[in-house]
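Just so we're aligned, residue 0 is where the sequence shown starts under numbering that gives the first Met the number 0, counting upward by one.
For glycine and all other residues, C-beta sits at the position ideal for the given N, C-alpha and C.
Quick caveat: nothing in here was measured; it's all calculated off a predicted structure.
To start, the structure itself, in structure tokens.
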Amino acid sequence: MGKIVFFLTFGTMFVLGYPIVFSMIAAGILYFLATGISLPNLLDILTIQFSGQYVLISVPLFIFTANVMNDCEITTKLFDFIKKALGGIRGGLGYANIAASIIFAGMSGSEIADVSGIGSIEIKAMLDEGYDGPFACAVTAASATIGPIISPSIPMVIYSMLTGTSLGYLFLAGVS
């Protein structure tokens, strides 16, 4: 019964043009009402289920690491070093952008932290060298998407937690 209520509510609101977020919220609330599951009971179940997942502590620590790197200007020094190493070749600043994103992804674990951390430095450097704004933004956005593949990464940690896959094996797969 609950599944039918959920899909009917979601489908109806979606067809009527409501944003997906509101459709999901309304469908979820009606599902809880139809099945009789109370919210406090659900929170208790989820808390107990995920309390043994020590791997989740790495997610805020990745974000903390990215913030420390930005505050200590490590990201600026990192990009300057890579720019000097690759800047002399044709398209070198684009390569430097990609290399810096790969290195930063290995330290921060998140593509969002990559874009917000080192992305502004990369885009500014490319604009100063005469690259077009849309091209600089596109290279930075594309290079940041490499982040989930490079170990360690937040998506790997969450995938490991949800599926029971060995986190060490996932990190090895990301390195090789």
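Nearest residue (CA-CA) to residue i, options the options
i: residue 7; options: 20, 27 and 18; result: 27
i: residue 77; options: 146, 97 and 58; result: 97
i: residue 125; options: 45, 157, 116 and 135; result: 135
i: residue 112; options: 66, 130 and 72; result: 66
i: residue 104; options: 21, 12, 41 and 154; result: 154
i: residue 145; options: 130, 173 and 69; result: 173
i: residue 130; options: 17, 24, 90 and 44; result: 90
i: residue 59; options: 46, 156 and 43; result: 156
i: residue 152; options: 46, 123 and 102; result: 102
Buried or exposed (CB count within 10 angstroms, at least 16 for buried), residue i
i: residue 92; result: buried
i: residue 3; result: exposed
i: residue 56; result: exposed
i: residue 19; result: exposed
i: residue 63; result: exposed
i: residue 137; result: exposed
i: residue 5; result: buried
i: residue 95; result: buried
i: residue 149; result: buried
Cβ-Cβ distance between residue i and residue j below 7 Å
i: residue 61; j: residue 109; result: yes
i: residue 10; j: residue 30; result: no
i: residue 143; j: residue 107; result: no
i: residue 139; j: residue 128; result: no
i: residue 68; j: residue 74; result: yes
Cβ-heavy atom distance, residue i to the ligand PLP, below 6 Å
i: residue 79; result: For the structure depicted, the ligand PLP is absent and the ligand set is empty, with no information on it obtainable.
Next item on the list: Determine, using beta-carbon pairs with one atom in the segment 35-46 and one in the segment 78-91, whether at least three such pairs fall under 8 Å.
Entry: The segment 35-46 is not in contact with the segment 78-91.
Item checked: Cβ pair count under 8 Å reaching 3, the segment 154-166 against the segment 112-132 -> Output reads no: the segment 112-132 does not touch the segment 154-166.
Item checked: Length at least 4, wholly inside the segment 72-98: the alpha helix (DSSP H) runs in chain order -> Listed in chain order, the alpha helix (DSSP H) runs fully inside the segment 72-98 are 73-85, counting runs of at least 4 residues.
Notebook entry, point to check: Of all the alpha helix (DSSP H) runs that stay within the bounds of the segment 113-150, which reach a length of 4 or more residues?
Noted result: The segment 113-150 contains these whole alpha helix (DSSP H) runs: 119-127 and 132-143.
Item checked: Uninterrupted beta strand (DSSP E) stretches inside the segment 16-68 (no shorter than 3 residues) -> Listed in chain order, nothing qualifies, since the segment 16-68 has no complete beta strand (DSSP E) run of 3 or more residues.
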